[in-house]
Amino acid sequence: MDWFHTEQACLDYLQKLRWPHEFVCPRCGVISAPLKTSRNRLVCQSCKHQASVTAGTLFDKTRTPLKVWLAAAWYITNQKQGVSALGLQRVLGLGSYQTAWTMLHRFRRAMVRPGRDMLGGLVEVDETFIAIGDKAQSVNAKGRKSHTAKTLVVIAVEMIEPKGFGRIRLRRIVDDSESQVLPFVKDAIEAGATVHTDGSAAYRHLKEEGYVHQQSVMLGSDTPAHVSMPGVHRVAALIHRWLLGTHQGAVQPAQLDYYLEEFVFRFNRRQSLSRGMLFYRLLEQAVVTDPVTYQHVVAQSKLRVIQSMELSG
Ligand SMILES: [Zn+2]
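So that you can map any letter, position 161 of the sequence shown is 153 in my numbering, and since no number is skipped, the others follow by simple counting.
This is how it looks when you write it as structure tokens:
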């Protein structure tokens, strides 16, 4: 609040994040110092295109003051376990729940970093079912039975020798077939890495894809999963606890992807020494994330519900 008490201070900060070296015209690509006509207007010296600091970013066309956005980012990155839209609404004193919800979902999208580094070294990969409950339905007045959904998620965890975990990647998948898990491995893990899986046939072509394949066959083995695959086991337990704790089992299946991205964002930065760094990283990603409207998020949720209904037959 001290740093960003005026809209101008917020704009200056975002401009610095978006163009760390020199202004690049979004239309003609010419690099030169822009002419400033108003606080959010930057005019390209070459083609006279009028750019703004926020257009084309997560903050495009927002009617919420930027200092509220930045306060929200600070709050989101300071809560170790994540926040709910209601919590955000309360702490920022927002009149509208919808505003809080939209901000939170926009920031979740910014947590998905495009072109992020791939995992390497020794990586455990396995699928697990995550139970997501809909608590709102379980406590309704009609005494309807608790409604829980199970979703299959594939998890990759970097294993640090001799002990500990590095970064992770997650993806929601429709089944545990090769067509689901192999593209995930190729997107998440660099070739040449050692991939540790169970005996599932879905992973039988890892060697052809350039990985070193280490297999633990569980069938008929006395070794329980948490011993042979400790990374995946641990991460699955943390996701489960996080969904039930922070979000109280109220995560909609259609929104699960964004919650998983938030989990990955937090997990992979859990050792960041300063919260300020987390805040900085989130905003750094926000200025390169396409704008999305409330209507768009809702429409996409509906589409995902339809898709998952179709997929589950
Ligand atoms: Zn230009």
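Ideal Cβ positions, reconstructed from N, Cα and C, are used throughout, including at glycine.
Asked: Going by Cα to Cα distance, which pick from THR186, TRP11, VAL243 is closest to MET151?; Found: THR186
Asked: So, using beta-carbon positions, are ARG64 and LEU78 closer together than 8 Å?; Found: The question names Arg, but residue 64 in the sequence shown is Ala. No, they are not a contact pair.
Asked: Would you call the stretch 251 to 258 in contact with the stretch 187 to 195, where contact means no fewer than 3 C-beta pairs closer than 8 Å?; Found: no
Asked: Using 8 Å as the cut-off, can you tell me whether the stretch 30 to 39 makes contact with the stretch 4 to 19, which would need three or more C-beta pairs spanning the two stretches below that distance?; Found: yes
Asked: Tell me, please, which residues DSSP counts as bridged to GLN42.; Found: VAL35
Asked: Going by the C-beta, is VAL22 closer than 7 Å to any heavy atom of ligand 1?; Found: yes
Asked: Just checking SER44 against ligand 1 - is the residue's beta carbon closer than 7 Å to any of the ligand's heavy atoms?; Found: no
Asked: Considering only heavy atoms of ligand 1, does any lie closer than 7 Å to the CB of SER38?; Found: yes
Asked: Buried or exposed for ASP(-6), going by 16 or more other Cβ atoms inside 10 Å?; Found: exposed
Asked: In chain order, which continuous runs of the beta strand (DSSP E) of length 3 or greater are located wholly inside the stretch 168 to 219?; Found: 186 to 190, 204 to 208
Asked: Checking 8 Å against the spacing of the C-beta atoms, do SER44 and VAL22 come in under that value?; Found: no
Asked: Less than 7 Å between C-beta atoms, sequence neighbours within five positions excluded: which residues of the same chain meet that for CYS2?; Found: PHE(-4), LEU58, LYS59, LEU62
Asked: By a C-beta neighbour count over all protein chains shown, 10 Å radius and 16 as the cutoff for buried, is HIS197 buried or exposed?; Found: exposed
Asked: Does TYR89 pass the burial test, meaning 16 or more other C-beta atoms within 10 Å, or should it be called exposed?; Found: exposed
Asked: What I want to know is whether the C-beta of ARG226 ends up closer than 7 Å to one or more non-hydrogen atoms of ligand 1.; Found: no
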